[in-house]
Amino acid sequence: MDNNHISSLFDKDLNKLNNNLLSLGNTALDQFDKCINNFGTQDIDKIEKVINSDKILDDLDDKVQKLGFEIIALRAPQAADLRRIIVALKVATIFERIGDYSRNISNRTKLLIELNYSDLPGVNIGKMGQKTQTMFEDVLEAYMNEDDKLAVKVRNSDFKVDKLHTEYYLEIISSMQRNKNFAPTGAHLLFIAKNIERVADYVTDIAEQVYFLVNGSVLSDHRPKADETSLKVPD
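Numbering (the working numbering), first residue to last: 309 to 543.
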């Protein structure tokens, strides 16, 4: 971020805001990565760490929100500076919400371990997690480098996560229909898959904020979507 203001304190405030936001984003990414990995390994100690670390994100979000509003009140930013602060405040809230989803995924993974159902169908959910992880990494890079082209690429990638989510939804519903004993496990898997899909949606929202930061205009409302879980039923 290149700032050249008359007041060096203004520059320091903006840099501090940016650094706090990146710290929040990297922490949110780390927690999401861990919750996806823990789904595969089912390491209960690591799962508990993700569940108990949610407050870290809450505190970092509070820092960004407080500093952002202080800058607005004390510095009266305009144009690109004001846009940068508004984007930081919005993105910080999204990062914190992603942390909530990581905690929810971890809680449900813990319950799956307790249910102890063998042979979990996890191929598509693993692909969803990996694709969302890549999107998350890319959107952080797009923000750091103010790369609007990469931001658009991330936005368009959400289509693939939606498609995987629909496939997994149909797979789990079919399994639940064939085996009623699978229903409790299947319900948690459906929630986990939906949480991952929602994280991908939030990452897409961040990508749109990056585009707005760089260009001062918003992307079209039309976003490629392929989530048909509300439209399809298994054969």
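All C-beta atoms in this analysis are idealised placements derived from N, C-alpha and C, irrespective of residue type, glycine included.
Check	Outcome
By the three-class DSSP mapping on this structure, what secondary structure does A508 have?	helix
Measure the alpha-carbon distance for D341 versus I481 and round it to whole angstroms.	26 Å
On the premise that A459 lies in contact with A508, defined as a C-beta separation below 8 Å, what is that separation, rounded to the nearest angstrom?	A508 to A459, Cβ: 14 Å. No contact.
When the Cα atoms are used, what is the spatial distance from I379 to Q350?	44 Å
Since I355 contacts S414 with CB under 8 Å, what's their CB separation in whole angstroms?	5 Å
Could you pull out every residue in the same chain whose Cβ sits closer than 7 Å to the Cβ of E404, ignoring the five residues on either side in sequence?	L365, D366, D369
Out of S528, D513, L478, state which residue places its alpha-carbon closest to the alpha-carbon of A450.	D513
My parser needs the alpha helix (DSSP H) runs of 4 or more residues fully inside the region 327 to 382; what are they?	352 to 360
Let me check understanding here. Comparing Cα to Cα, which of A396, K502, N432 lies closest to G348?	N432
Counting only runs of 4+ residues fully inside the region 429 to 483, write out the alpha helix (DSSP H) ranges in chain order.	431 to 453
Judging by CA-CA distance, which residue of D353, N489, Y476 is the nearest neighbour of P429?	Y476
Which of the three DSSP states, helix, strand or coil, is assigned to S410?	helix
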